[in-house]
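Taking it in order: structure first as structure tokens, then the write-up.
There are 2 protein chains.
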Amino acid sequence: MPRKALTQPRKTASQARSRLTVDALLEATARILVKEGYDRASTNKIAARAGVSIGSLYQYFPSKEALVAAVAERHAERAMGLARRTFARVATSPVETAIRELVTLSVEAHRIDPELHRVLAEQVPRTGRLENVEALTREAHGLLRRYLEAHRNELAIEDLDVAAFICVTTVESLTHDAVLDHPELLTGRKAQRLVDDITRLVARYLKT
Amino acid sequence: MPRKALTQPRKTASQARSRLTVDALLEATARILVKEGYDRASTNKIAARAGVSIGSLYQYFPSKEALVAAVAERHAERAMGLARRTFARVATSPVETAIRELVTLSVEAHRIDPELHRVLAEQVPRTGRLENVEALTREAHGLLRRYLEAHRNELAIEDLDVAAFICVTTVESLTHDAVLDHPELLTGRKAQRLVDDITRLVARYLKT
DNA sequence: CGAATATATGAGCTATCGCTCACAATGTAT
DNA sequence: ATACATTGTGAGCGATAGCTCATATATTCG
Chain A
1 MPRKALTQPR KTASQARSRL TVDALLEATA RILVKEGYDR ASTNKIAARA
51 GVSIGSLYQY FPSKEALVAA VAERHAERAM GLARRTFARV ATSPVETAIR
101 ELVTLSVEAH RIDPELHRVL AEQVPRTGRL ENVEALTREA HGLLRRYLEA
151 HRNELAIEDL DVAAFICVTT VESLTHDAVL DHPELLTGRK AQRLVDDITR
201 LVARYLKT
Chain B
1001 MPRKALTQPR KTASQARSRL TVDALLEATA RILVKEGYDR ASTNKIAARA
1051 GVSIGSLYQY FPSKEALVAA VAERHAERAM GLARRTFARV ATSPVETAIR
1101 ELVTLSVEAH RIDPELHRVL AEQVPRTGRL ENVEALTREA HGLLRRYLEA
1151 HRNELAIEDL DVAAFICVTT VESLTHDAVL DHPELLTGRK AQRLVDDITR
1201 LVARYLKT
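Quick note, the sequences are listed as chains A and B, same order. Here the first sequence is numbered in the working numbering, starting from 1 and rising by one per residue. Here the second sequence is numbered in the working numbering, starting from 1001 and rising by one per residue.
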């Protein structure tokens, strides 16, 4: 196999050593993003924090953008892991309980590294590089759409696409905003009320 | 009135001439943001586009951040203008029609300079400078909260804060995402269905 | 007019950033 | 042990960014 030009960094890491390097870079990026914000997170700082030279960084990531996109992807992938398992579990549950579980899932998902989640949501420019993250969003839509399809007889839904869009966006936005901007809604008696209300919101919309 | 130090730019523009300068800067910033994105929108480019020297820019805005924040504020203020008028109009309307009007308002509001809206939403880092924009969000919550309070007897709501949060966030997120990422939901027969469905979603949640 | 204030100018400073490349070190296969 | 591929190094380049300041022009007002 001929050596690739360094200007187009290879993406595979075959030896264990290099996999460690890549991991260290991703983790360092996440931590620097949280600590310093996107703008002040320079590639030099990230490499230093990872205990790796700046040259190595550019061996595996062609740009800062790509590096941050990889971090975002890893983060989103963790949330999707939770989501896939939850959808599998509630596949045959009735609407009300399924929705409640999915709302709870969404809250839990937003508790995975919430500081990182905030930076990714608030500071990272949405560029084409995030297409893999968008693919995960589309997967979530697909999962819910399939659930709705299977439970169509319980529902008063005509357009499945519109319904899936509404449900996914609603639950995601509400939990996102609550976790990031309204901590008071997630403590004490209000917390239970919030989950109850979101469940009611979506369930009433769907049910006959 | 003593001349202020240039390191802390004054914020008032007393003569008509300088008001024109400020306006040109805001407009140029908006257009450059749309055309080039946040990162490539340099203050030098903005000043050039406004037909104004870089020095003048820093007479009125202490930083690029402040300049962009002012643009965001002006944009949000326009949307709030629509919102205030709509809330005034539906103050005594029954829930169903009021919600429908508010959903429609939200779609219209997102059609004010949507390209600028997209850049502000997707690329501008959320920093402390945007506090005036946040104040407008809080005002929207307050307006809806007051409406709900006045119509409490028609509603099955216990916690007004939770309900206002849910309604505002839901409608705003759904219209936002639809306008920016799902244009197919806003054309032809799907468009009417979307407004109908969002209205149903919120109205069913609120009503007894 | 002339004095004082308000506004406008733009060359250029300082800082930092993303990124390259020539080379060194480490791992693997024969 | 030798040869070759893989991985790691870091000084420093080129570019550009945000921003300052000494100076010039406009406006206001007695």
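Glycine included, every Cβ here is placed at the ideal spot set by N, Cα and C.
Inter-residue distance for B:Glu1077 and B:Arg1017 is about 24 Å (C-alpha atoms, whole angstroms). Spatial neighbours of B:Val1168 in its own chain (CB-CB distance under 7 Å, excluding positions within 5 residues in sequence) are listed in chain order as Ala1140, His1141 and Leu1144.
The secondary-structure analysis by DSSP pairs B:Leu1155 across a beta bridge with B:Lys1207. The beta carbons of A:Leu25 and A:Ala69 sit no closer together than 9 Å. For A:Ala135 against A:Lys207, the beta-carbon gap comes to about 30 Å, at or over 8 Å, which does not count as contact. In this structure, B:Asp1181 is the residue among B:Lys1064, B:Asp1181, B:Ile1166 and B:Tyr1147 with its C-alpha nearest to the C-alpha of B:Glu1122. Interface with chain B (9 Å Cβ-Cβ cutoff): A:His182 is included.
Close CB contacts of B:Val1071 within its chain, under the 6 Å cut and outside five residues either way in sequence, are with Leu1026, Thr1029 and Ala1030 (chain order). Counting only residues of its own chain and dropping the five nearest sequence neighbours on each side, A:Leu174 has a CB closer than 6 Å to the CB of Ile198.
Fewer than three beta-carbon pairs drawn from the region 1111–1118 of chain B and the region 1046–1059 of chain B are found closer than 8 Å, and the two stretches are therefore not classed as touching.
What A:Arg204 touches in chain B, judged by beta-carbon distance under 7 Å, is Arg1204 and Tyr1205, going in chain order.
Setting aside the 5 residues that flank it on each side, A:Ile54 is surrounded in the same chain by Thr43, Asn44 and Ala47, each with a C-beta closer than 7 Å to its C-beta; the list follows chain order. Counting C-beta pairs closer than 8 Å gives three or more between the region 81–89 of chain A and the region 99–106 of chain A, which meets the contact rule. At a cut-off of 9 Å between C-beta atoms, A:Arg111 does not count as an interface residue with respect to chain B. When B:Arg1193, B:His1176, B:Asp1177 and B:Val1162 are compared, the shortest CA-CA separation from A:Asp196 is found for B:Val1162. Take A:Leu82, set aside five residues on each side of it, and the residues of its chain with a beta-carbon closer than 7 Å to its own are Leu105, Glu108 and Ala109, in chain order. Taking the C-beta atoms as reference points, B:Ala1178 is found nearer than 9 Å to B:Leu1194.
By the Cβ neighbour-count rule, B:Ala1050 is buried, with 16 or more other Cβ atoms within 10 Å of its own.
Linking B:Val1095 to B:Asn1132 through their CA atoms gives a straight-line distance of about 30 Å. Take the alpha-carbon of B:Gln1192 and the one of A:Glu36: they are about 45 Å apart. The C-beta of A:Lys190 comes closer than 9 Å to at least one C-beta of chain B. Taking C-beta separations shorter than 8 Å and ignoring five residues to either side along the sequence, the partners of B:Ser1093 in its chain run Glu1101, following chain order. Around the beta carbon of B:Thr1170, 16 or more other beta carbons lie within 10 angstroms, which makes this residue buried. Every alpha helix (DSSP H) of 4 residues or more that sits fully in the region 1149–1201 of chain B is shown, in chain order, as 1160–1181.
Between A:Lys64 and the set A:His75, A:Tyr38 and A:Met80, the nearest pair of CA atoms involves A:Tyr38. Contact annotation for A:Phe165 against chain B: His1182 and Leu1185 [CB-CB distance below 7 Å, chain order]. Shown here, B:Pro1114 sits in a helix according to DSSP, grouped into three states.
For B:Glu1184 and A:Gln15, the gap between their C-alpha atoms comes out near 46 Å.
By the Cβ-count criterion, A:Thr187 is exposed, with fewer than 16 other Cβ atoms from all chains shown falling within 10 Å of its own Cβ.
Bounds of any alpha helix (DSSP H) do not take in B:Ala1091, whose DSSP letter is neither H nor E.
For the pair B:Tyr1205 and A:Tyr205, the CB atoms are nearer than the 9 Å cut-off. Among the CB atoms of chain A, none fall inside 9 Å of the CB of B:Pro1062. Judged by beta-carbon spacing, A:Ala150 lies within the 9 Å limit of A:Ala91, meaning their Cβ atoms are closer than that value. Sequence-distant partners of B:Arg1118 (beyond 5 residues in either direction) whose C-beta falls short of 6 Å from its own C-beta, in its chain, are Leu1180. Interface residue (Cβ-Cβ distance to chain A less than 9 Å): B:Val1071 is not classified as such. Residues of chain A whose Cβ lies closer than 8 Å to the Cβ of B:Arg1126 are, in chain order, Glu122 and Gln123.
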